[in-house]
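Here's the structure we're looking at; comments come further down.
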Amino acid sequence: MKLSRFYMPTLREAPQDAEIASHKFLLRGAFIRKSASGVYTYLPLGYRVVRKIEQIVREEMDRAGAQEILMSAIQPKEIWEASGRWDRFGPEMFKLTDRHDREFCLGPTAEEYFTTLIKDEVKSYKQLPLNLYQIQTKYRDEKRPRFGINRAREFTMKDGYSFDLDREGMEVSYHTMYEAYEKIFNRIGLDYVIVQGDNGAMGGNMSHEFIALSDTGEGVIAFGGDYAATEEKAEVTYTVQDKARVDLTEVTTPGVTTIEELAAFLSVTAKDCLKAVDLMVAGEPVVVFIPGDRTLNMAKLEGYLGVPEHDILPMTTEQIEAMGSVEGFTGPMGIDARIIVDRSVTAMKNVIVGANKKDTHLQGASYGRDFEGEDGGDLLVVEEGDTVPNSDIAYAFRRGIEVGNIFQLGTKYSDALEATVLDENGKAQVIWMGSYGVGITRTVSAVVEQCHDEDGIIWPVSVTPYHVIITVVKNKDEAQMALGESLYNQLLDAGYDVLLDDRAERPGVKFKDRDLIGIPLRITVGKGAAEHRVEYSTRKAMDTVELHADELMARIK
Ligand code: ATP
Ligand code: MG
Ligand code: MG
Ligand code: MG
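Written as structure tokens, this is what we have:
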């Protein structure tokens, strides 16, 4: 695509209400435009990213044996009444009435609809298992649409549904989808964790959320962390307990060697707002980080840890900086923290709480329902991002963006809508279901949250709208334009998605746009064009090398 003809109205400034990087850069880079609160248009660049993500989802769903269909976004009231969700969904559901006074909703999800679709035609166990999905616009009248396409009122979701004869079948289907989701988010390149969720309005008895780690996320995840210092560096490992897999999944984050890196890793926002408390517990040193603007209740900490106050050494920011490294702070920490609560987050849902030992977790915990903050007696109240020592771990809260969610539904919907099949013995059995969602458009924003710098987006190759951008510095220069066009055609022939910036704009404008829209590979055709010399760089490293145009193809591969 030639930029001289491309619809890419980039903006210098982001609108005031754009609070987070993805919202700002997607607007400024001409990926999206707002049409109403929580309702967005996808411009050419944005729609290409959406389709790349859809394609990855499609390929992995198909590979896992699911089949794509497309149902309407308009669903009849009756099926929602049958499941009891017409009322339970409440004001989040967009409802409408036709000219004959029939009531409908704009589908926020489609468990009832898919069940209705198959129930009259799937009559025998031989037709099972069955897994159908769609990539369809969903509507939710969110109380607080925010962060652009991250929490929208109209968004694209891949929603899939599995149908099995019995519980065992449902569990197999669920496991297959679990693995397909791992492949999807691995391919997209997201840094994510999987946590066991709270089934909430969906019903059923097992669910997992796929959560892209990001400070701007609205979900809160608790991690158990472990400090292990080696001679060269200190490493922080954290553990996500995942009951479905029984074993603990160990994730190591290498390269954390300084207080700053550790603070960044733990999502403690700025190093200036850190105090470290050096605790000697049972002869072992322990570190607790506390944002400086919050006062630590020393008496409470003392009582909780069972150490005298003189063993607690508060450190100033300067001291931490002087220290420069977390080497020397090692476990085991010999303290038994049970529950860690962020008292400021009252709507905290789906949190894992407990000691970092098998079977000592409460998963899918909900603040208020399952545990309380401040007044909870022996609870140690900490703020998000703090770490707290316990028997062998320290905890950290991190925020994340829910990009996918899978559910074992059991027979909730098939019971309500009377979806049965005849088993081997000719006996009617209620179908066992699972449901599986990926927030396609939310994933676009999650990728940007994780992949950007101050100048703009840095697309991972997997979902980038274009692979390569060729910038012709002076479009009036014949040699430059000829070389630009020739490289453009070569790259197109080689199967790349290519942008040619042939606009009559100043070089500065072209370079700024190029950084903003985040195309991963860049070729600059400028003064050296007559000698067939060009510059090559990547958006990530911004590391320019000069080379002969003939060397380019080898370089780009
Ligand atoms: P959230 O907790 O963020 O409100 P949800 O749990 O209500 O999401 P699900 O019903 O699990 O959402 O829907 C499946 C997926 O659809 C979610 O994991 C998310 O990625 C996406 N999604 C849900 N609501 C929105 C929204 N308002 N805007 C964009 N994507 C959304
Ligand atoms: Mg929701
Ligand atoms: Mg949720
Ligand atoms: Mg969910």
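Residue numbers (our numbering): 399 to 955.
Using N, Cα and C, we set each Cβ at its ideal position, and we do this for glycine too.
Check	Outcome
Let me check understanding here. Comparing Cα to Cα, which of F429, N887, I451, D485 lies closest to G837?	I451
Can you tell me whether E509 sits near ligand 2, meaning its C-beta is under 8 angstroms from at least one heavy atom of the ligand?	no
Would you report the Cα separation of G798 and V593, rounded to the nearest angstrom?	11 angstroms
Among the candidates S935, Y572, E458, whose CA atom is the shortest distance from the CA of F583?	E458
Considering only their Cβ atoms, is the gap separating E490 from E411 smaller than 9 angstroms?	no
When you measure from the CB of E903 to every non-hydrogen atom of ligand 2, does any distance come out below 8 angstroms?	no
Mind checking who F492 pairs with in its DSSP beta bridge?	L504
Reducing DSSP to helix, strand and coil, say where E883 ends up.	helix
Do P380 and G567 have their CB atoms nearer than 9 angstroms?	It is not possible to answer for residue 380, since the shown part of the chain is limited to 399 through 955.
Going by other Cβ atoms of all chains shown within 10 Å of its Cβ, with 16 needed for buried, is L394 buried or exposed?	Because the chain here runs from 399 to 955, residue 394 falls outside it and cannot be looked at.
Report all residues from its chain with a CB closer than 6 angstroms to the CB of P905; omit the five preceding and five following residues, and keep chain order.	V871
Go through its chain and collect everything with a Cβ distance to H708's Cβ below 7 angstroms, but skip five positions before and after it.	Below a pLDDT of 50, predicted positions are generally treated as unreliable, and H708, at 43, falls in that range; the measurement from the model is reported next regardless. Closer than 7 angstroms at the Cβ level, and outside the excluded window around H708, lies no residue.
Any chance the CB of A392 is under 8 angstroms from a heavy atom of ligand 1?	No answer is possible for residue 392: the residues shown for the chain start at 399 and end at 955.
Taking R840 as the reference, give the member of T513, F404, K536, V520 with the closest Cα.	K536
Any idea if Q848 is buried or exposed, counting beta-carbon neighbours within 10 angstroms, 16 or more meaning buried?	buried
With DSSP run on the structure shown, which of helix, strand or coil describes L530?	strand
What separation, rounded to the nearest whole angstrom, lies between the Cα atoms of K432 and E607?	28 angstroms
Excluding five sequence neighbours on each side, which residues of the same chain lie with their C-beta closer than 7 angstroms to the C-beta of Y405?	L441, P442
Could you tell me if T922 is buried or exposed, where buried requires 16 or more neighbouring beta carbons within 10 angstroms of its beta carbon?	buried
Is there a C-beta anywhere in chain C that falls below 9 angstroms from the one on Y440?	Here there is only one protein chain, and chain C is not present.
Using 10 angstroms around the beta-carbon of N873, count the other beta-carbons present and answer buried if the total reaches 16, otherwise exposed.	buried
Under 8 angstroms by Cβ, that's how I've got P918 and G587 pegged, so tell me the actual separation to the nearest angstrom.	Contact flag wrong, Cβ pair sits at about 11 angstroms.
Three or more C-beta pairs closer than 8 angstroms, one from the region 885-892 and one from the region 827-837: is that the case here?	no
Return the CA-CA distance between L494 and D851, expressed in angstroms with no decimal places.	43 angstroms
How is the beta strand (DSSP E) around I868 delimited, first residue to last?	866-870
If you follow the alpha helix (DSSP H) that D485 is in, where does it begin and where does it stop?	483-486
Could you pull out every residue in the same chain whose Cβ sits closer than 6 angstroms to the Cβ of D562, ignoring the five residues on either side in sequence?	L526, P527, M568, S571, W830
Nearest-angstrom Cα distance between M951 and D891?	11 angstroms
Considering Cα atoms alone, identify which of A880, L945, L815 is closest to K517.	L815
Let's test the definition: count the other Cβ atoms within 10 Å of the Cβ of R403 and tell me whether it reaches 16, buried, or not, exposed.	exposed
If you count every other CB in all the chains shown that lies within 10 Å of the CB of P413, and 16 or more means buried, which is it?	exposed
Return yes when at least one heavy atom of ligand 4 lies under 8 angstroms from the C-beta of E800, else no.	yes
For R551 and G916, what's the separation of their Cα atoms in angstroms?	27 angstroms
What I want to know is whether the C-beta of G832 ends up closer than 8 angstroms to one or more non-hydrogen atoms of ligand 6.	With respect to ligand 6, the structure shown offers nothing to examine, as its ligands consist of ligand 1, ligand 2, ligand 3 and ligand 4.
So which of Y811, V520, D911 has the shortest CA-CA distance to G427?	D911
Leaving out five residues before and five after E629 in sequence, what residues of the same chain have Cβ atoms less than 6 angstroms from its Cβ?	For E629, the predicted structure reports a pLDDT of 31, less than 50, and the residue's modelled location is therefore unreliable. The matter cannot be settled from this model.
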